[in-house]
Amino acid sequence: MGNGKTLGLGLFVIGIILIIAYGIYQGFEEIMQSMDILSGIFIGLIILGLIILIISIIIEQRKDTKETMKDIKKEDLEP
Numbered sequence: 530m531g532n533g534k535t536l537g538l539g540l541f542v543i544g545i546i547l548i549i550a551y552g553i554y555q556g557f558e559e560i561m562q563s564m565d566i567l568s569g570i571f572i573g574l575i576i577l578g579l580i581i582l583i584i585s586i587i588i589e590q591r592k593d594t595k596e597t598m599k600d601i602k603k604e605d606l607e608p
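Structure below.
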């Protein structure tokens, strides 16, 4: 797993765990009534991790596609 995927997945999982733990601590009704700084930070971590994860997956797919196209071209040229 690449560094981007590891970082993105880590931030995503940490953000989800923290928001669930904070939700249990504060009670889900209070979080829905008032959005404070901590819950905003936790949601930000989730979104940031998800964005990094998606970007790293897109970059890896493009790299794999280029490598696959090189291999296909070599195979087509051989008799």
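In the working numbering, the protein residues as written are 530 to 608. Glycine included, each C-beta is placed from N, C-alpha and C at the ideal position.
Other residues of its chain near residue i: CB distance less than 7 Å, five sequence neighbours each side excluded
{"i": "I575", "result": "F541, G544, I545 and I548"}
{"i": "S585", "result": "G531, G533, K534 and G537"}
Per-residue DSSP class, three states only, for residue i
{"i": "G556", "result": "coil"}
{"i": "G531", "result": "coil"}
Cα-Cα separation, residue i to residue j
{"i": "K595", "j": "A550", "result": "42 Å"}
{"i": "G569", "j": "I583", "result": "21 Å"}
{"i": "I588", "j": "M598", "result": "16 Å"}
{"i": "Q590", "j": "G556", "result": "41 Å"}
{"i": "L567", "j": "Y554", "result": "12 Å"}
Nearest-angstrom Cβ-Cβ length linking residue i and residue j, presumed shorter than 8 Å
{"i": "L538", "j": "G573", "result": "The pair is not a contact, with the Cβ atoms about 16 Å apart (cut-off 8 Å)."}
{"i": "G531", "j": "I581", "result": "Incorrect: roughly 11 Å between the Cβ atoms, too far for contact."}
Cβ-heavy atom distance, residue i to the ligand FMN, below 7 Å
{"i": "L540", "result": "Questions concerning the ligand FMN fall outside what the structure shown contains, since it holds no ligand whatsoever."}
Proximal residues to residue i (C-beta, below 8 Å), its chain only, five neighbours per side dropped
{"i": "F571", "result": "G544, L547, I548 and Y551"}
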